[in-house]
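Trainee: One structure is given below, represented as structure tokens, and several questions about it will come after.
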């Protein structure tokens, strides 16, 4: 009888722990120039990740920790920025280069760590989310060299711990004002 009680306690504890598990999602990004045809008219130099354009979307789950090891293989300073992540205590990962964030020099690597439980809540005038799950924009923040319009932007999708609605698939569209 005592062993059965121990076993049932262990099983219940294991089950409860499995609901609270989070993952460390680690991405290794080599930020570099690539040739691509963004507008379908002609190839030109754009900024890609790991030799590809468009950069791959970032998908994590609520409570995951996102780690991006960003290597700058460009010939100019660059940095990354995500809209909507609350950078309380990590302002050095946020904002324009030279204002609140140091840029990544050419040839160097910086590791960005985001615990996405710190997603900013929407203002009260907007639809209040039942939990922090949403789609955000990740992009280069060194606008002095035009890096944002040259292609370094992708989505950051944070899936809810439990989806409120059922749907077939996520579709994310990122528009650009300059393709040529």
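Residue numbers (full-length UniProt numbering): 1 to 180.
Note that the Cβ used here is the ideal one computed from N, Cα and C, for glycine as well.
Return the chain-ordered list of same chain residues with a C-beta closer than 6 Å to the C-beta of residue 126, the five sequence neighbours on each side being excluded.
Mentor: On the chain shown, position 126 is the one that residue 126 refers to. Residue confidence for residue 126 is low, a pLDDT of 31 falling below 50, so the modelled location carries little weight and cannot support an answer.
Trainee: Please list, in chain order, all residues of the same chain as residue 108 whose beta carbon is under 7 Å from its beta carbon, the five residues on each side excluded.
Mentor: Numbered from 1 along the chain shown, position 108 holds the residue referred to as residue 108. So the qualifying residues of the chain are 72.
Trainee: Closer than 6 Å to a non-hydrogen atom of the ligand ATP - does that hold for the CB of residue 101?
Mentor: This structure lacks the ligand ATP; in fact it carries no ligand of any kind.
Trainee: In whole angstroms, give me the CA-to-CA distance for residue 76 and residue 103.
Mentor: Stepping through the chain shown from its first residue, residue 76 is reached at position 76. Stepping through the chain shown from its first residue, residue 103 is reached at position 103. Each residue's Cα considered, the two are about 9 Å apart.
Trainee: Buried or exposed for residue 150, going by 16 or more other Cβ atoms inside 10 Å?
Mentor: Working through the chain shown from its first residue, we reach residue 150 at position 150. Buried.
Trainee: From residue 120 to residue 28, what does the alpha carbon distance come to, in whole angstroms?
Mentor: Counting from one through the chain shown, the residue named residue 120 turns up at place 120. Counting from one through the chain shown, the residue named residue 28 turns up at place 28. Confidence in residue 120 is poor, its pLDDT being 42 and thus under 50, which makes the residue's placement unreliable; the coordinate value appears in the next sentence. Those two C-alpha atoms are separated by around 25 Å.
Trainee: What's the gap between the Cα of residue 80 and the Cα of residue 67?
Mentor: For the purposes of this step, residue 80 is taken as the residue at position 80 of the chain shown. For the purposes of this step, residue 67 is taken as the residue at position 67 of the chain shown. Looking at the two C-alpha atoms, the distance is approximately 12 Å.
Trainee: Check whether the Cβ atoms of residue 25 and residue 51 sit closer than 7 Å, and answer yes or no.
Mentor: Walking along the chain shown from the start, residue 25 turns up at place 25. Walking along the chain shown from the start, residue 51 turns up at place 51. No. Outside cutoff.
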